[in-house]
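Our numbering runs 33 ahead of the 1-based position in the sequence shown. By construction, the Cβ of each residue, glycine as well, lies at the ideal position given by its N, Cα and C atoms. Notes follow the structure.
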Amino acid sequence: MKLAIVGTGNIGGTLGRRLGARHEVVYATRKPQDPDVQALVAATGRGARAATVAEAAAGAELVLVATPWGAALEVVREVADWSGRVLVDCTNPVGPGLRHALADGSGAEALAVAASGARVVKAFNTAGFEVYADPRFGAEPASLFLCGDDAAAKSAVAGLARELGLDPVDCGPLAQARRLEELALLWISLAASGQGRAHAFRLVRR
Ligand SMILES: NC(=O)c1ccc[n+]([C@@H]2O[C@H](COP(=O)([O-])OP(=O)(O)OC[C@H]3O[C@@H](n4cnc5c(N)ncnc54)[C@H](OP(=O)(O)O)[C@@H]3O)[C@@H](O)[C@H]2O)c1
């Protein structure tokens, strides 16, 4: 699959390095020539490269947005035509006091309005990047909670999650995104209050 990853930080870099083993990855970045970005491109392999947001997204079937929430709306507006593309929102709108930054709704729904025509999936936001680098806890994989309104888009994201060794859990429509964003706040609060970053949520079933 042709993937664009917006952001070359913890989440963008981790997902890019791992997904680059099987997919064509273009990093969408503010500074394609930066030595750190070029080192990430080299570590990603398989013809990876770095480009502007508009250029990277134009050639991609699926675009992962992995910027700070404060930059995400601006970034998605840089893409001229979202129609048909899958937008995977990995961001977390974190406000003061570790509260959700938005009074109501979710970051993912706000991005869906800004990226008209995109098939938006919320995913890769409910655990630290270390979990996406290595999702195994003993014999058990961490869950990858996702939601969205387009079944095929969710299926594509679930497939990527399985490739990474995660257990995808479809949480329903995009209206569920705020719950996933609140779950991220719980993960962050646990990390800050003694659990450290080596933990993840897992849905158990019987
Ligand atoms: N860190 C985690 O464990 C984790 C886990 C789950 C979800 N998230 C969410 O994922 C998103 C990214 O987190 P991160 O930890 O990967 O952040 P990060 O390490 O700071 O990286 C963010 C990247 O976004 C890009 N960017 C574009 N516009 C920007 C702007 N105006 N200001 C700053 N950076 C900008 C930058 O890439 P270029 O410089 O190449 O443009 C930067 O490397 C956040 O929304 C976060 O809440 C993080």
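At least one heavy atom of ligand 1 lies closer than 7 Å to the C-beta of F162. Rounded to the nearest angstrom, the Cβ distance from A160 to F234 is 7 Å, consistent with a contact under 8 Å. According to the DSSP assignment, A54 belongs to no beta strand (DSSP E), since it is labelled neither H nor E. Two segments are said to touch when three or more pairs of C-beta atoms, one from each, lie closer than 8 Å; by this definition the stretch 164–171 touches the stretch 180–199. K155 has its Cβ no nearer than 7 Å to any heavy atom of ligand 1. Classified as buried, V39 has 16 or more neighbouring CB atoms from the shown chains inside 10 Å of its CB. In the structure shown, E111 adopts coil according to DSSP, grouped into three states.
Bridge pairing for V127: H133 [DSSP].
Shortest Cα-Cα distance from E88 to any of V98, G229, E111, F170 involves E111. Within the model, the alpha-carbon separation for A186 versus V108 is close to 20 Å.
Shortest Cα-Cα distance from R55 to any of Q228, A210, A194 involves A194.
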